[in-house]
Amino acid sequence: SLCCLALNLLDSKASQGELGWISYPSHGWEEISGVDEHYTPIRTFQVCNVMEYSQNNWLRTNWIPRQSAQKIYVELKFTLRDCNSIPLVLGTCKETFNLLYLETDDDQGSHFREHQFSKIDTIAADESFTQTDLGDRILKLNTEVREVGPLTKKGFYLAFQDVGACVALVSVRVYFKKCPYTVRNLATFPDTVPMDSHSLVEVKGLCVNHSKEEEPPRMYCSTEGEWLVPIGKCLCNPGYEERSNTCQMCRAGFYKSALGNLECSKCPPHSFSHHEGSLHCGCEKNFFRAEGDPASMACTRPPSAPRNVISSINETSVILDWSWPEDTGGRRDVTFTVLCKRCRGVTANGSNSGTQRCEPCRSNVRFLPRAAGLHNTTVTVGDLLAHTNYTFEIEALNGVSALAPKMRQYAAVTITTNQAAPSPVTVIRKEKTSRNSVSLSWQEPERPNGIILDYEIKYYEKEEQETSYTILRARGCNVTLNGLKSNTAYLLQIRARTAAGYGASSPTFQFETSPDSFSISSESSQVVLIAISAAVAIILLTVLLYVLIGRFCCRSKSKHPDEKRLHFGNGHLRLPGIRTYVDPHTYEDPSQAVHEFAKELDASCIAIDKVVGAGEFGEVCSGRLKLPSKKEICVAIKTLKGGYTDKQRRDFLAEASIMGQFDHPNIIRLEGVVTRSKPVMIVTEYMENGSLDSFLRKHDAQFTGIQLVGMLRGIASGMKYLSDMGYVHRDLAARNILVNSNLVCKVSDFGLSRVLEDDPEAAYTTRGGKIPIRWTAPEAIAYRKFTSASDAWSYGIVLWEVMSYGERPYWEMSNQDVIKAVDEGYRLPPPMDCPATLYQLMLDCWQKERNNRPKFEQIVSILDKLIRNPGSLKITANTTSRPANLLLDRSSSEVPSMGTMGDWMDGMRTLPCKEAFSGVSYSSCDTLAKTSTEDLKKVGVTIVGPQKKIVSSLKALDSHTKNGPVPV
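Each position in the sequence shown, counted from 1, maps to that position plus 490 in this note's numbering.
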């Protein structure tokens, strides 16, 4: 208890014999034996000399040691008779008496001097008795308490002075107060006596056994003997818990690893403690705890081996897939490591053919994404040797695998690689040059992948740009090219052939023949120079006129845009059954659009938890929304900062007016707005994983192809919905796609206005900052033609961002370089491990002619087919074969119909798959007409769609043209 403790210095009721107090004069106060209200014998003092004048009767107590008290309390219980009830009483009758005290350092015996005493107070009765009360024996007992102090000497006397009253002292009790011994916050505080009546006494506590101070414990003792204001506390040591204001050892089977007043915890699974006071629990046999594991974590063990290992061999590469271990050891930090061994004497089915000898694979063997620390259950191993046996050991590891090397398990698979085409020739040297010939040599490919049968050398004049070329074959690594033109630049490529076919061509090598021995005369040189100057002047003038005409046309088109969106807003006709987007800016009062499309929320239903970001208009927060009779949900809250203008308020709420019109699982959902109180707020559903680009960068290479296609399908579905409503997003990018905890992607950011600035970066400016043109279609940059087709272009960029796990489109190229490159036909290359079907969809979205781009309805259909047939995602794209429009159902009329074989070849080479025909030499239409799909595969056309189109066009060409051998 923190209450005071009263210690008696004197209690007249406790004495059964005579008190021995001094009375002066002797006929004044008299000591009389009696009983109290409980009929207990007591000693009382009485005086009643009311019939005599000038009464001065004194009664002094014995000497009272004060002990440690500095302030004492005197409790008096007495009766007093009413003067009016006494017959024939003199005028000197009183109804009060005086209480006095005297401090001394020792007992002065019977020595008594009135003037030495100090008056404490005059005591009056609250209740007095009368003559009637005497007859009825009903005496009214009064109780009065007086405070004395501070005391400084060793003891004191009390005295009672009667000046003419009829009074009886029934009880006198003298006591003092102190703050008693107590334990608070695991600290002990001793008995403490208050110092004086005006200040608190600060007392420092002492921590109980087996505890330590967190903050020095203190309390204050009040003048009333009460403990006040506990400060600081003690904490039980590790291995001890708080019980009954003490720290006691944890019981067996329990532990406590840290300083604190928490209870001891039961040992986690697969651990034990056999003794009291354990700081942690030891692990059972074959179970372990990693260095970074907390003591509260269960003991775990290494995982079992991966299961169901499947290998898919593609020439000199292999894709390994496996299932998760049946037992992960009780941990979540499971990763996989793949060890590659090149083995001899073992077959692909695992049977030994003699002594098996294995050695680690070469260092140039490539693992995608990596060989160790894999989080997914698939890996691609490339750059293996052809016709070679390999064993792959796949081991599952977790945080305790290193502690139990003997318990580690792995799954093994043995494969034999197929024959593969050789790698490209990389080093070509020019040995000797003359007017009409050149001698070349080269090094064998780094990976021949078999016996090289011969080399194909293809060369042509640089100015001809491959319209007419020559092919030679050589068995060695050198060749002499004859019949060349003098002083002419040539381009050359070499590729090697094995039994598996031709490898990739070498990089283009340029050489020049020697000039003729004669020179042009001075006069002829001047004529040539004049001609060249005139030609340059004409070209410059033509370019200048073209630029001026182009600007005039652009300005005219910008004044009369051919694509306007019709809005059916307030006061306009809406077609029944057709849901159409309504531009909130068509309303005379934009706030009317807000209340028409957005639900007004009561601010009291919204609880803001924390600020998660900042926008131009204010803060972006996360919080909770609790509507009546509905479950509480997590929401995102955009607030409008104070001091806003009317225009800022309209612009802020415009996004809500737009968003409120949409209802689709892949469009961010608007919960409502707060406009009738401050701050003004827009409340949307909460997306736990934030923006898609940062989410992908954070989880690089951690998703399967099907998961990524599922995300892309959700984005396309949302954009199809917007397109069907007639809404053009204009800023579709991964940063404006939000991801929830179930990996559902939703389109967001509908509050932007865009103006093309004349700045060096040529960036669009929005109220939220600049948007780089990397996501914007060419016609939208040049003519501000924003349509669903320009959104389709942007979707292609988003598709590239997703497959590259949030990489920046066009990397560090400037915006001007991007505009120029795209205009010249450059397109982003496929991301690493990107399926060919998805890269083809990107190229379709990036068609320069916007009418050739797929509609979002077609994109959704394409992605649905890929999800139903996940095997099609295993074929990865490369940078040498990019056929266009392969995923769309278009007529065969897209394949050029030419009158001659030369025209047909020229037409084929204008397609994006023209590289496939760069090394083909055909002599007649008959030869082309006999081309099969297998022949097309060998030249690089590996996808079924273009194979069928090309073969059908060849047959049509053969039926219409019989021109004999045609030089190529």
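Positions of the beta carbon are idealized from the N, C-alpha and C atoms, including for glycine.
In terms of Cβ geometry, Val-693 and Thr-682 form a close pair [threshold 8 Å]. Within the DSSP secondary-structure output, Glu-732 pairs in a beta bridge with Cys-737. Around the beta carbon of Met-1293, 16 or more other beta carbons lie within 10 angstroms, which makes this residue buried.
Residue pairing of Ile-918 in beta bridges, as defined by DSSP: Trp-932. Under the DSSP assignment, Ile-984 falls in the beta strand (DSSP E) whose first and last residues are 979-988. Straight across, the Cα-Cα distance linking Glu-520 with Phe-535 is about 5 Å.
Take the alpha-carbon of Leu-1091 and the one of His-1154: they are about 21 Å apart. By the neighbour-count criterion, in which a residue is buried when 16 or more other Cβ atoms sit within 10 angstroms of its Cβ, Met-1209 is buried. Setting aside the 5 residues that flank it on each side, Ser-1280 is surrounded in the same chain by Val-1218, Arg-1220, Thr-1266, Ala-1267, Glu-1269, Ala-1270 and Arg-1340, each with a C-beta closer than 8 Å to its C-beta; the list follows chain order. Contact fails between the stretch 1346-1359 and the stretch 1306-1316, because fewer than three Cβ pairs, one in each stretch, are under 8 Å apart. Cβ-Cβ distances below 8 Å link Val-824 to Pro-793, Trp-814, Pro-815, Thr-818, Ala-886, Leu-887 and Asn-888 in the same chain, with the five nearest sequence neighbours on each side left out; the list follows chain order. For Leu-1331, the number of other beta carbons within 10 angstroms of its own is at least 16, and it is reported as buried.
In this structure, Asn-498 sits away from Phe-568, with a CB-CB distance that is not shorter than 8 Å. Glu-946 is the residue among Glu-946, Asn-977 and Tyr-950 whose C-alpha sits nearest the C-alpha of Gly-966. DSSP, reduced to helix, strand and coil, places Gln-651 within a strand of the structure shown. Counting only runs of at least 4 residues, the stretch 1079-1163 fully encloses the following alpha helix (DSSP H) elements, listed from N- to C-terminal order: 1080-1087 and 1136-1149. Secondary structure of Val-1312 (DSSP, three-state): helix. Taking a cut-off of 8 Å for Cβ pairs, the stretch 544-552 and the stretch 636-644 do not touch, as fewer than three such pairs fall below it. If you draw a 10 Å sphere on the C-beta of Arg-571, you find 16 or more other C-beta atoms in it, and that means buried.
Close CB contacts of Asp-1183 within its chain, under the 7 Å cut and outside five residues either way in sequence, are with Ala-1224, Arg-1225, Glu-1291 and Gly-1296 (chain order).
Ranked by Cα distance from Lys-1188, the first of Gln-1151, Gly-1150, Val-1229 and Arg-603 is Val-1229. Here the stretch 597-613 does not lie against the stretch 660-675, with fewer than 3 beta-carbon pairs under 8 Å apart.
In the three-state reduction of the DSSP assignment, Phe-1185 falls in the helix class. If you look at Trp-717, you'll find it isn't in any alpha helix (DSSP H); it sits in the beta strand (DSSP E) that goes 717-726. For Trp-548, the pairing in a beta bridge is given by DSSP as Tyr-514 and Gln-651. Assignment of Cys-1335 by DSSP, reduced to helix, strand and coil, places it in the helix class. About 13 Å separates the CB atoms of Leu-1222 and Ser-1181; that is not less than 8 Å, and the two are not in contact. Here DSSP, grouped into helix, strand and coil, assigns Ile-1227 to strand. With fewer than three CB-CB distances shorter than 8 Å, the stretch 977-993 does not count as touching the stretch 1022-1032.
In terms of CA proximity to Ser-976, Ser-1004 leads the group Ser-1004, Trp-553 and Leu-874.
Of the candidates Arg-1358, Thr-1174, Gly-729 and Arg-733, the residue whose Cα lies closest to the Cα of Lys-746 is Gly-729. In the DSSP annotation of this structure, Val-1170 is not part of any beta strand (DSSP E), being labelled neither H nor E.
Under the three-state reduction of DSSP output, Gly-940 falls in the coil class, being neither helix nor strand. For Gly-782, there is no enclosing alpha helix (DSSP H), as DSSP marks it with neither H nor E. Residue burial annotation: Asn-926 is exposed, with fewer than 16 other C-beta atoms found within 10 angstroms of its C-beta. The C-beta distance from Glu-883 to Ala-902 rounds to 5 Å, short enough to meet the 8 Å contact threshold.
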